[in-house]
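Written below as structure tokens is the structure these notes are about.
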Amino acid sequence: MEPQSQNLKTIPLLSLGRFHISEEYGFLLPNPLKELPDHYRPWMEIANKLPHLIESHQLQAQVDKMPLLTCQFLQSYREQRLAHLVLSFITMGYVWQKGETQPKEVLPRNLALPFVEVSRNLGIPPILVHADLVLTNWTTRDPERPLEIRNLDVIFSFPGEESLRGFILVTVLVEKAAVPGIKALVQAVNAILQPSQNSLLQALQRLRLCIQDITRTLGQMHDYVDPDIFYAVIRIFLSGWKDNPAMPVGLIYEGVSPEPLKYSGGSAAQSTVLHAFDEFLGICHSKESADFLHRMREYMPPSHKAFIEEIHSTPSLRDHILSSGNGQLLTAYNQCVEALAELRSYHITVVTKYLITAATKAKGRRPNYVPGPPLALEERGTGRSTF
Ligand code: HEM
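Next up, the structure:
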């Protein structure tokens, strides 16, 4: 049998570039476009006024008058990503304009056909995904200044004003905070493939610090997002039409398929960050959670999903550390796992405040509350997990 180190050398080293992941921005699309070619002005005019059109109940009428546009003038990848963002925002507004009691069950062909075509080109489903809402939906006010909330803005919005903006931008900052961790992960995988215990130890220590920074960054939700607005106003626009009692049969995409199609709504469970850390650290979830998280991978850009699969196919970090007998590595590994568990516990406190406590409060005042929080969503997250 060949020595293990020779086997490992035959596996190519991991790199971010191979998976279209940015050294500076991680899974965020670097400096997303804000404008499409002039041909797409009818889409942009609607998308730029979306909160007003939804609140005044004019969006559906405007969309029904929209011309059917060809996708052939969308040339670059970045234009395709912006087109998906624009069409996904219009679609969510169109379906949920009148709330969960009267969702639109048919997406008209002038919206459905280009949306499905762009989605097929990108390899992501025709619904709003995390890669739209967060990864492609940010811009800096001053590109020379650092990425912090005062220097950031969203490109497109739903109703929910400052809380919606805060929800999206804090998640942008979480993605940015993850960048040193993604790089540390790559360094660590390569330190197993071309064995270097020093490099592996340093990478694990950096990964732990990064996970702790993500937890701190997630805490900014409390400063920028009002739980009542999140629960009663924002959440419905992120909701999908799979396992959703408000749309039990799904959504008909006119001109695409006579049968309704079912897709989960946008959720940070579709962010590649924690999936990558889980694969690397060898974290095992309960069957129900693992099945849900695997389904969420279908909502990621294909190159990001491929990155997770590549990590999965590399030699096991746990086995490597256990067989090394190196106590420092074992401690550093355990600290990463602890930091990840703390991040998840903290996330649960956020979920409790923004969904469970907010739901209880909303129930108490329901008779006077118009249009009312989404009832069908009460026991579920926007990705439809029983959180
Ligand atoms: C107000 C803020 C947030 C709320 C209310 C919230 C709520 C939820 C809910 C309900 C789920 C279950 C899946 C679903 O049905 O969608 C979930 C999953 C998840 N969320 Fe959040 N979330 C928030 C912010 C974030 C942020 C900023 C991140 C970081 C990117 C994040 C990362 C995740 C991940 C990775 C999962 C999958 C479960 C796991 O791996 O532990 N969430 N979230």
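Numbering (the UniProt record's numbering), first residue to last: 1 to 387.
In this text, a Cβ means the ideal position worked out from N, Cα and C, and glycines have one as well.
Note that this is a predicted model, so its numbers are computed, not measured.
Going by the C-beta, is residue i closer than 8 Å to any heavy atom of the ligand MG?
i	result
R344	In the structure shown, the ligand MG is absent; the only ligands present are the ligand HEM.
Report yes if the C-beta distance between residue i and residue j is below 9 Å; otherwise report no.
i	j	result
I124	P302	yes
H84	A268	no
L111	M66	yes
F307	A188	no
S313	G282	no
C336	F292	no
H347	L218	yes
G255	L113	yes
T215	E342	yes
E310	F27	no
L59	R109	no
G325	L355	no
P227	A358	yes
A232	A362	yes
E100	L251	no
Residue i bridges to which residues according to DSSP?
i	result
G26	S22
W138	V154
L251	L261
L200	BP columns for L200 are empty, so no partner.
V106	I252
Let's test the definition: count the other Cβ atoms within 10 Å of the Cβ of residue i and tell me whether it reaches 16, buried, or not, exposed.
i	result
V351	exposed
V249	exposed
N334	exposed
F73	exposed
S5	Low confidence applies here, because S5 scores a pLDDT of 49, under 50, leaving its location unreliable and the question unanswered by this model.
L322	exposed
H285	exposed
R81	buried
Q194	exposed
A290	exposed
K102	Residue identity differs from the one stated: residue 102 is Gln in this sequence, not Lys. Exposed, by the Cβ-count rule.
P258	exposed
D142	exposed
G266	buried
H52	exposed
E338	exposed
Q97	buried
T360	exposed
A61	exposed
S15	exposed
L13	exposed
Y369	Because Y369 carries a pLDDT of 37, less than 50, the predicted location of this residue cannot be relied on, and the following value inherits that uncertainty. Exposed, by the Cβ-count rule.
R145	exposed
H57	exposed
G93	buried
H294	exposed
E2	Reliability of the predicted coordinates at E2 is poor, the pLDDT of 38 falling under 50, and the value obtained from them is presented with this limitation in mind. The residue is exposed, with fewer than 16 neighbouring Cβ atoms inside 10 Å.
P126	buried
For residue i, which of the options has the nearest alpha-carbon?
i	options	result
F230	S199, E161, D243, Q194	E161
C71	Q97, Y40, K98	Y40
Q220	P108, G166, C210, G265	G166
P180	Y354, E24, E100	E24
A332	E175, N198, D226	N198
K242	V273, F115, D319, L128	L128
M247	V95, L29, L82, L14	V95
P260	A184, P12, G99, L107	L107
V273	N48, D226, I149, V186	V186
Q212	S345, Y253, H320, T136	S345
P32	N137, L122, R295	N137
Q75	D64, P42, K104, N121	N121
E175	S196, L201, C210, L200	C210
Q328	L201, A47, T349, H222	L201
S271	Y253, N244, K305	K305
Y253	L50, Y263, G17	Y263
D64	E55, G381, T91, E79	T91
Y77	S119, A184, L251	S119
R150	L251, N244, Y224, S196	Y224
H320	I192, A358, T139	I192
K183	K353, G17, I11, G364	G17
H222	K353, R297, F115	K353
- Given 8 Å as the limit, is there contact between the region 200 to 208 and the region 226 to 246, that is, 3 or more CB pairs closer than that? The region 200 to 208 makes no contact with the region 226 to 246, as fewer than three CB pairs between them are under 8 Å.
- Item | Sufficient close CB pairs (3 or more, under 8 Å) joining the region 161 to 176 to the region 285 to 301 | As far as the Cβ criterion goes, the region 161 to 176 does not touch the region 285 to 301, which means the pair count is below three.
- Query: Taking three-plus beta-carbon pairs below 8 Å as touching, is the region 31 to 38 in contact with the region 79 to 94?
  - Reply: Because the criterion of three Cβ pairs below 8 Å is met, the region 31 to 38 and the region 79 to 94 touch.
- Given 8 Å as the limit, is there contact between the region 131 to 139 and the region 152 to 166, that is, 3 or more CB pairs closer than that? Segments in contact, yes.
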